[in-house]
Amino acid sequence: MNAGVLGTGHYLPTKVVTNNDMEKIVDTNDEWIRTRTGIEERRFAEDDVNTSDMAYFAALNALEEADVAAEDIDLILVATVTPDTPFPSVACMIQDKLGASKAAAMDVSAACSGFMYGMITAKQFIETGAYKKVLVVGTEKLSKITNWEDRGTCVLLGDGAGAAVIGEVSEGRGILSFELGANGAGGKELYQDENDYLVMNGREVFKFAVRQMPESTVNVVEKIGLNKEDVDYLIPHQANIRIMDAARERLGISADKMATTIKKYGNNSSASIPMALSESVKNGKIKDDDLIVLVGFGGGLTWGAVAMRWGR
Ligand code: UT7
């Protein structure tokens, strides 16, 4: 039995903040942000919109695309580093709002790799036959944990949510291989401090990401007996266009075969990959039977990737 994506969804906050707007907050400039990161603007959630609200809207969108009723969901996994509260979990909050009454629910903590951890966990439950439908969400209100005096991080981050319904798909399709990893010794490079601010050693994370993304991509395609040349579409974590382009070039993948949402949304941590996936589906970038690789990395340090044959 193969687990795959039955439907995708995302939610974008309405407040658009440009690089010029950021110049009014911190000592920075549009040119630096564009050339060093590829970001042109980002979205911030309104004060009364919390992480669980964005998760709920992204989930509704995914359920609709999947044509699955909330009551048929067996498990909800929400990846986030910015939950409304440590407990109850965001997963429990949206279980209630969605009316997913039979679903078990929990949050997953793996920073920017959280959606990958969630998706790969969902795959196990589906393929053992324990569950039929799992809702996986990545949702972040990073503006809650942003240090507005740290120009090295505040210009990078944005809010948003993405979701996918995972369930059984036809033979040969779905998530064909995966890789998950962690290196706790690297935790000091990217963490939340005692003031609740996100703190990052940008250069170290950069080096880790440029190495990890191509390595994990090659590993997941080789596990299914294919090569990097066989990848039709790459959906990387959206942290920095320089990291994404370096990975892409190492893999020999052309720019049109990579999802790039960072320009408009910045880095959305665990929401980046599902937002990019949902947008790519809606924009018709992904066709049935395409070989897709999703690959993420982040705080922990953690990483995760899947190779997936698209279609139900
Ligand atoms: O999703 C989580 C994973 N996160 C990442 O993947 C991020 C990985 N790291 C990066 O993307 C990059 O390291 C950054 C974008 C964070 C920084 O780019 P960089 O090319 O590594 O710059 P840097 O930190 O080496 O800083 C270069 C200069 C410094 O000035 P001096 O010391 O050379 O005078 C910084 O103070 O750029 C300065 N700088 C800025 N200038 C204008 C740092 N941030 C800014 C800014 N505006 N926003």
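Numbering (our numbering), first residue to last: 60 to 371. By construction, the Cβ of each residue, glycine as well, lies at the ideal position given by its N, Cα and C atoms.
Return yes when the C-beta of residue i is under 7 Å from any heavy atom of the ligand UT7, and no when it is not.
i: Ser328; result: yes
i: Arg210; result: yes
i: Gly261; result: yes
i: Gly359; result: no
i: Val264; result: yes
i: Arg95; result: yes
i: Ala298; result: yes
i: Thr144; result: no
i: Val214; result: yes
i: Ala268; result: yes
i: Trp362; result: no
i: Asn88; result: yes
i: Ile377; result: Any property of residue 377 remains undetermined from this structure, which presents the chain solely from 60 to 371.
i: Leu249; result: yes
Quick check on the DSSP output: the alpha helix (DSSP H) that includes residue i runs from which residue to which?
i: Tyr176; result: Gly173 to Glu186
i: Trp362; result: It is not in any alpha helix (DSSP H) - Trp362 instead sits in the beta strand (DSSP E) that spans Thr361 to Arg368.
i: Ala114; result: Thr110 to Ala125
i: Glu288; result: No alpha helix (DSSP H) contains Glu288, which DSSP labels as neither H nor E.
i: Gly97; result: Run containing Gly97: none; DSSP gives neither H nor E here.
Spatial neighbours of residue i within its chain, please: C-beta separation below 8 Å, excluding the five flanking residues on both sides.
i: Ser229; result: Asn61, Gly370 and Arg371
i: Val280; result: Ser236, Asn286, Lys287, Asp289, Val290, Leu350, Val352 and Ala366
i: Gln251; result: Val140, Ile204, Leu257 and Val258
Starting from residue i and walking both ways along the beta strand (DSSP E), at which residues does that stretch end?
i: Thr144; result: No beta strand (DSSP E) contains Thr144, which DSSP labels as neither H nor E.
i: Val167; result: Ala163 to Val167
i: Tyr250; result: Leu249 to Gln251
Short check: CB of residue i to CB of residue j, under 8 Å?
i: Ile332; j: Gly197; result: yes
i: Thr180; j: Leu136; result: yes
i: Asn102; j: Gly219; result: The amino acid occupying residue 102 in the given sequence is Arg; Asn does not appear at that position. Yes; because the gap between Cβ atoms is below 8 Å, this pair is in contact.
i: Lys182; j: Asp131; result: no
i: Gly217; j: Asn326; result: yes
i: Gly177; j: Gly63; result: no
i: Phe356; j: Ala241; result: no
So the candidates are the options; which of them puts its Cα closest to the Cα of residue i?
i: Ala162; options: Val224, Met303 and Ala335; result: Val224
i: Thr110; options: Leu71, Leu122 and Glu99; result: Leu71
i: Leu201; options: Tyr190, Asp255 and Asp89; result: Asp255
i: Glu208; options: Ala169, Gly261, Glu90 and Leu257; result: Leu257
i: Glu100; options: Lys322, Leu122, Ser339 and Ser328; result: Lys322
i: Val195; options: Ala268, Gly311, Glu105 and Met175; result: Met175
i: Ala189; options: Asp133, Ala129 and Val75; result: Asp133
i: Lys156; options: Asp112, Gly343 and Cys171; result: Asp112
Residues in its own chain within less than 7 Å of residue i by CB, not counting five upstream and five downstream?
i: Asp407; result: In the structure as shown, the chain starts at 60 and stops at 371, and residue 407 therefore has no counterpart that could be examined.
i: Thr87; result: Met81, Arg210 and Val214
Might you give, ordered along the chain, the residues of its own chain that have their beta carbon closer than 6 Å to the beta carbon of residue i, omitting 5 neighbours on each side?
i: Asn278; result: Glu238
i: Thr115; result: Looking at the sequence shown, residue 115 is not Thr but Tyr. Hits under 6 Å: Ile153 and Lys156.
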